[in-house]
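Protein chains: 4
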Amino acid sequence: MDKYQPLKKKKPNKLKILNDPIYGFIQIPNSLIFDIIEHPYFQRLRRITQMGFSNFVYPGANHTRFHHAIGCVHLMQKAIRVLRFKQIDISKDEEDALYIAILLHDIGHGAFSHALEHSIVNGISHEEISLKFMRKLNDEFDGKLELAIKIFEGKYSRKFLCQLISSQLDIDRLDYLKRDSFYTGVTEGNISSDRLIVMMNVKDDELVIEKKGIYSVEKFLIARRLMYWQVYLHKTGLVAENMLVNVLKRAKELTEKGENLYASTALKYFLHNPITFDNFSDKTLSMFSKLDDYDILSAIKEWTNHTDKVLAELSKMIVDRRLFKIEIQKEPIDSVKITNKKNQFAKKLSILESESYYFVFSQKIENQAYNKKSPILILNKKGKLKDIAKASDQLNLEALSKPVVKYFLCYPK
Amino acid sequence: MDKYQPLKKKKPNKLKILNDPIYGFIQIPNSLIFDIIEHPYFQRLRRITQMGFSNFVYPGANHTRFHHAIGCVHLMQKAIRVLRFKQIDISKDEEDALYIAILLHDIGHGAFSHALEHSIVNGISHEEISLKFMRKLNDEFDGKLELAIKIFEGKYSRKFLCQLISSQLDIDRLDYLKRDSFYTGVTEGNISSDRLIVMMNVKDDELVIEKKGIYSVEKFLIARRLMYWQVYLHKTGLVAENMLVNVLKRAKELTEKGENLYASTALKYFLHNPITFDNFSDKTLSMFSKLDDYDILSAIKEWTNHTDKVLAELSKMIVDRRLFKIEIQKEPIDSVKITNKKNQFAKKLSILESESYYFVFSQKIENQAYNKKSPILILNKKGKLKDIAKASDQLNLEALSKPVVKYFLCYPK
Amino acid sequence: MDKYQPLKKKKPNKLKILNDPIYGFIQIPNSLIFDIIEHPYFQRLRRITQMGFSNFVYPGANHTRFHHAIGCVHLMQKAIRVLRFKQIDISKDEEDALYIAILLHDIGHGAFSHALEHSIVNGISHEEISLKFMRKLNDEFDGKLELAIKIFEGKYSRKFLCQLISSQLDIDRLDYLKRDSFYTGVTEGNISSDRLIVMMNVKDDELVIEKKGIYSVEKFLIARRLMYWQVYLHKTGLVAENMLVNVLKRAKELTEKGENLYASTALKYFLHNPITFDNFSDKTLSMFSKLDDYDILSAIKEWTNHTDKVLAELSKMIVDRRLFKIEIQKEPIDSVKITNKKNQFAKKLSILESESYYFVFSQKIENQAYNKKSPILILNKKGKLKDIAKASDQLNLEALSKPVVKYFLCYPK
Amino acid sequence: MDKYQPLKKKKPNKLKILNDPIYGFIQIPNSLIFDIIEHPYFQRLRRITQMGFSNFVYPGANHTRFHHAIGCVHLMQKAIRVLRFKQIDISKDEEDALYIAILLHDIGHGAFSHALEHSIVNGISHEEISLKFMRKLNDEFDGKLELAIKIFEGKYSRKFLCQLISSQLDIDRLDYLKRDSFYTGVTEGNISSDRLIVMMNVKDDELVIEKKGIYSVEKFLIARRLMYWQVYLHKTGLVAENMLVNVLKRAKELTEKGENLYASTALKYFLHNPITFDNFSDKTLSMFSKLDDYDILSAIKEWTNHTDKVLAELSKMIVDRRLFKIEIQKEPIDSVKITNKKNQFAKKLSILESESYYFVFSQKIENQAYNKKSPILILNKKGKLKDIAKASDQLNLEALSKPVVKYFLCYPK
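Chains as they are written, first to last, in UniProt numbering: chain A, 1 to 413; chain B, 1 to 413; chain C, 1 to 413; chain D, 1 to 413.
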């Protein structure tokens, strides 16, 4: 039923290209990739923004996961060309598998994805859902995704191919940092994906960076850290995302109490059913494949008129972008302060004390700029490998590998 | 009820800036502008994309009318600075009015706007709706929009101020051509807004371009023409937009027959009520202010499961981007051909002949690169004015002022 | 003696890349190309700016012919990749020959080249000198440039390969328009080389553009025209270049009278010997290969102290950028006016009337935006070819094929 | 005699603008600035490249000190606008003085400046020469540079104005890092000058950065460090520059022995006279104002034919870009190794042992990414100041304030 019919006729050798404001033109490498892109599962990504509510802060940031995934295919083509030029053997099958794996690496992301993972889907990561999608597509495409899945799972024998898909310097990061920096206009987060790719090499089956690229790697780590604190964890975005989580939690709570909220079929499914890793069925996947930003935001818009005060008020605030105040600090928020705020606002807003946590809440955020456990390896001229944290002559990357933790408290203005 | 409470306290002299991938930073000129931006009417524009389904062709084109409107304010600041430098007197009040007028010039655009205007709203242009919004805001902001409205309506005594808002070389075009070119990645449509602004001057109360800017104007006209045919009227976008019109028409038809379709309150209002210029009430405006891309697309997604075949099939095709075939030609489509196609598909799809026009349809498109009726005036060194069509020494702008007309025919693959 | 020793050892498979502000990275395709680049003949191009005195107007325009030539190799790699993708057969030898031909197409350009061609070298074009260089290099590189020379001369059997090197849409233009636009900051001259290349195809052995690229071609022609009038023929650049011609003519005149001017060996050679096509010997080529912008400008700087008033005064004006006044008009300059000006300044500057033409001079300039004689061909979907001037539905390219002629008159302020 | 006649008539309110590939357009703030730019002292900067032989590595890096200085004026205008917006009082006189000071801050740079400072001029820094130029111009412009000089010398009472001209985050650095990164194509060195300027403020008469700009400052420091090691101290550039120093030293040595080398009048002056801080006379300044890249490089080109083997060989290698081999390491070069190399090459090249240091030489290079002595101060929301090295929560700026020292050894291939 759900089955999509790929077009029969393919014009051979048609140069399929897409405009991209960042790379100029992106070429679709072959017709299998083209067919996967045309599949409704993948077309759904057109309706999921890459950065959720970050456009509340950076109005240019409306780019989609669709575009990011295709951008990754572009960079992967470059990486393969560079590695082959350096005499690294990559077979035609491996090449195609890399394209598929990187194209689909994020296909399991839900609408406003991180928000969703903390509200209406539980205990299943987007990577696991990506895998489910890939297996489903593998069936539909007669087993042609087999090798891609192996690489995506990190189970393929040639480690460096897996690292191109997932590591501290994978193609995913090379595209999303560049893309997010571009669309937000935060030029300081811009990285030289091109140079990093040109510096790639393989040694002992590890994806490594040649020594001349050491400053580029440092720069990449600093840019990524900057993007985290200045963009991904920007306080306005944080508040908005957490308010969204609360709206969805409230919607689920009301649904459980028997309320029949306005929602699309797909969203209703997730409001009515507690979804976890264990009961994530084919039906669930099918419903998930229908759920996108439009289901969520259109429901919230309608909920602004609901009689439940908590649901309506939170919804209105999101729609009109009248967000909570947020305080961020390095120490955990004092629990007495939180309790006081809750009481204060329960009274002020005439809501139950038990509902006050929808309006007053605290949380921990953290980011680690560099993870020493799976190090970025630098290849020197003598062919020796070194962890970038040691190869870097001055920039204290040890310091960067300590997670930075912060705490925030939100409450109405 | 609808009334929005602007924040009371304003921090003085806070430099409100926004990142913009195109201009770097945009400064909000003053707190009145800031308050208008924060108003829900304006926040709605965050949920209306500038280019509708053009992202089916150019995946980067997800920018919103919100961003465009603010970009216009940025360019307006530049224009005012340049003109004042050239000793053109612009008062503080006129300056503020220009910011407001350009900020709100598009606020009456509906979701997927042109589609809407041809399906569920009739006989009222988006400019007229913009005016209604501006009047409503003028009430809320204690008459502070008076002068802006006058300028927007073209009724202010100083003609050149009106021309900055609406003319063949207005600030609107200077931003949208640049912005659309940027986000689509169609670099050839890029124009030098900066240079055009630097070349602006005022003579006999007319907004004019200094002679040195003549090539820039020519280039602007050619770029605009290119954007029309390569982007705005791109065949894939055309098909998608027309399929959307048909979906909405069908939804309206079914509603009139008593069907209660899934739709948000706002969309329902427009499906149930025939809206024209004459009956566009305050209630209508309020409903209109709630309607955006999310209402439309989430409804269409849900309609994919409807029992009405026409509605469901068209909806599915849009959602999965499986679009009709389109033929474009310079001559009108032969009516016999259309009839034959209709019969053919009525049979093939087992629908009524009277429904076949949802699947087989033809239309005329046209574009005029230059309009001689309200010419772009060139100021030479001796202070004389000349229509660009005559000042241009070679580029045949006469030819560009003839409308180009094309015809297309759409039908299922 | 002149002979350059190419380095013996070549590291195999080393990815030779160059940073380019426009393209990001440029890859040197193979070691033969690398060796030619390292040859002193080619290194000389580092010391010849692409745009001569245009940097008097556009201070960013200091890019060299060296960089342009290498940029062409980059675009040629793209073009070959696109054509092969479209099943156009290009052999490895042809590929290499294309790289060499495009790399060396401008190697015969002299310092401030056009100025030189009108003063101290006569009756030999830079293309002819390029050919002499190529033949010399062919000897040094054991005949490996044979095919490249054939293609450069337009004598190779496969016409489209020759057209990639020289035609109205050749790789040369695709790079220099983009590059000059980039460095001058005249963004309106920017063209989408990428898109034009993607649209290239071959039909009946002709290099053609696919129909979808028609707007890009139009845009390219308009951009080129804009660059001519706004940049290449900018009046300040024109004056400076003509003053340079006059300085060199005067230097030659004084030399002929027995004056021994300060000059490098190479420049002296050209001041002392009347060089034409017929007597352009190996010795001449060797001297030519030593002459660059540094010889010319350093001599002029020294000549500012010379006792000859004409030489000294013109030199000073160039060095300090105190240029003549220039009047440009569509009609030829009235000869009486010229005579009067000459008399006026002969008196004012106390020079001989016979010397006054150094200070008062007139000339004709012209540019043709499109040349119908070797048309740009458009390939429609049915495989038919059409001259762009006819394929373009509206832009009056007939008009663009008429040469625009202007006249200017220069004299001291 | 040397005196330059500024043009008498000024057209009022003419918008003098310059194209800039980086900023789009640069506006010349007033006619005094315009006149200084037109002065031959300043025009000389058109003939001095910003990055010397870095174009041996990065062929796009041919931008001049002229362009950089004007770019600084552009950024200064932005900075003044931002500070005034934040209620920092800057008088019209101070504003003009800032423009002049930043315009002229580098006017004392010589041709291939650092090379010159280590060969033919001794014991006088380019800042001191800049000051001499400024005083001379102050005389010519009737004392209008008085305040600018005070600020340039750091003697003006308002410290933050001096810091805009010279500090770790001065306008000079904000332009040159951006500009050098742009022209080299080393995109990773790109900094967001705009954002840093927007974050500027003044507290206790100190130029400070608001807390929200902390990541931008970190990014700036990392980018600057990257530019040092990847660009300014790139090994190829290092070799070339040191070879140039050696050529000039040899030329001076030969001159002292009575050899009359080919050289311009200005270069001869410096070859014949030992110039130090103490004997830097008006005559010296006048000669210095005539010396630029063209004198140096054209002399070297001529010296390739000289009978002195050392001079000729070094000159040839520079001209043909056949550079020495270079080894870089963290430890000082072993002196025995140096001696051995010297002996080896003295024999191989048949030169005197006493001349071998022209061909074999070693040196120390160092760079300090952050200087704690004059810290960059961060202003938090409570109005408190903190050294960035302490305010930064994770990036170990302490580490960055340790100078990194490296040593290199050069010798022929």
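Glycine included, C-beta positions come from ideal geometry on N, C-alpha and C.
Taking its Cβ as the centre, do 16 or more other Cβ atoms sit within 10 Å of A:Val405, making it buried, or is it exposed?
exposed
Between the CA atoms of D:Tyr99 and D:Gln77 - distance to the nearest angstrom
8 Å
Please classify D:Arg44: is it buried, with 16 or more other beta-carbons within 10 angstroms of its beta-carbon, or exposed?
buried
What's the gap between the Cα of D:Phe408 and the Cα of D:Glu313?
21 Å
With a threshold of 16 other CB atoms inside 10 Å of the CB of D:Phe66, please say whether the residue is buried or exposed.
buried
Boundaries of the beta strand (DSSP E) in which C:Leu177 is found, first to last residue
Element bounds for C:Leu177: not the beta strand (DSSP E) but the alpha helix (DSSP H), 171-184.
Please decide whether B:Pro412 counts as near chain A, where near means a Cβ-Cβ distance under 8 Å.
no
Excluding the 5 residues preceding and the 5 following D:Leu83 in the sequence, name in chain order all residues of the same chain whose CB lies nearer than 7 Å to its CB.
Ile90, Met200, Val202
Could you give the uninterrupted runs of the alpha helix (DSSP H) lying entirely in the stretch 28-56 of chain D, keeping only those of 4 residues or more?
31-38, 40-43
So, is the C-beta of A:Glu218 closer than 8 Å to a C-beta in chain D?
yes
Beta strand (DSSP E) containing C:Ser362: first to last residue?
361-367
Is any beta-carbon of chain A found at less than 8 Å from that of D:Asn19?
no
Tell me, please, whether the stretch 156-172 of chain B touches the stretch 115-126 of chain B by the rule of three or more beta-carbon pairs shorter than 8 Å.
no
Taking Cβ-Cβ distances shorter than 9 Å, what residues in chain A pair up with D:Gln50?
In chain order: nothing, as chain A lies at least about 21 Å away.
Contacting residues, own chain, Cβ-Cβ under 6 Å from D:Lys178 (five flanking each side not counted)
Ile191, Ser193
Is the Cβ of C:Lys159 closer than 8 Å to any Cβ of chain D?
no
Which of the three DSSP states is assigned to C:Thr64 in this structure?
strand
Report all residues from its chain with a CB closer than 7 Å to the CB of C:Lys364; omit the five preceding and five following residues, and keep chain order.
Val405, Tyr407
Near D:Gly110, which residues of its chain fall below 6 Å by C-beta distance, leaving aside the five closest residues on each side in sequence?
Leu116
Would DSSP call A:Met76 helix, strand or coil?
helix
Going by the CB atoms, is the gap between D:Glu210 and D:Ser392 shorter than 8 Å?
no
Taking 8 Å as the CB-CB cut-off, is D:Arg321 touching chain C?
yes
In or out: B:Lys290 buried (at least 16 other Cβ within 10 Å) or exposed?
buried
Give the residues from the stretch 180-193 of chain B that approach chain D closer than 9 Å (Cβ to any Cβ), ordered along the chain.
Ser192
For the beta strand (DSSP E) containing A:Phe141, name the first residue and the last one.
Taken as a continuous stretch (DSSP letters only), A:Phe141 belongs to no beta strand (DSSP E), as it is neither H nor E.
Got a sec: is the Cβ-Cβ distance from C:Gly24 to anything in chain A below 8 Å?
yes
For A:Ile107, return the contacting residues in chain D, with the cut-off set at a CB-CB distance below 9 Å.
Near A:Ile107 there are no residues of chain D at all, since even the closest Cβ is about 30 Å away, more than 9 Å.
Quick one, are the C-beta atoms of B:Met243 and B:Met317 less than 8 Å apart?
yes
Using a C-beta cutoff of 8 Å, does D:Val73 count as contacting chain B?
no
Contact set between the stretch 237-265 of chain D and chain B, restricted to residues whose Cβ is under 8 Å from the partner:
none
Does the CB of C:Leu297 have a neighbour CB from chain D at under 8 Å?
yes
C-beta contact flag for C:Phe220 and C:Leu196 at 8 Å:
yes
Any idea what DSSP makes of D:Asn201, helix, strand or coil?
strand
Closest by CA to D:Thr265, which one among C:Glu355, C:Arg250, C:Asn305?
C:Asn305
With DSSP as the reference, please indicate the residues paired to D:Val245 in a beta bridge.
Looking at the DSSP assignment, D:Val245 forms no beta bridge with any residue, so it has no partner.
Can you name the residues of chain B whose CB is closer than 9 Å to the CB of D:Val405?
The contacting residues do not exist; D:Val405 stays about 37 Å from chain B at best.
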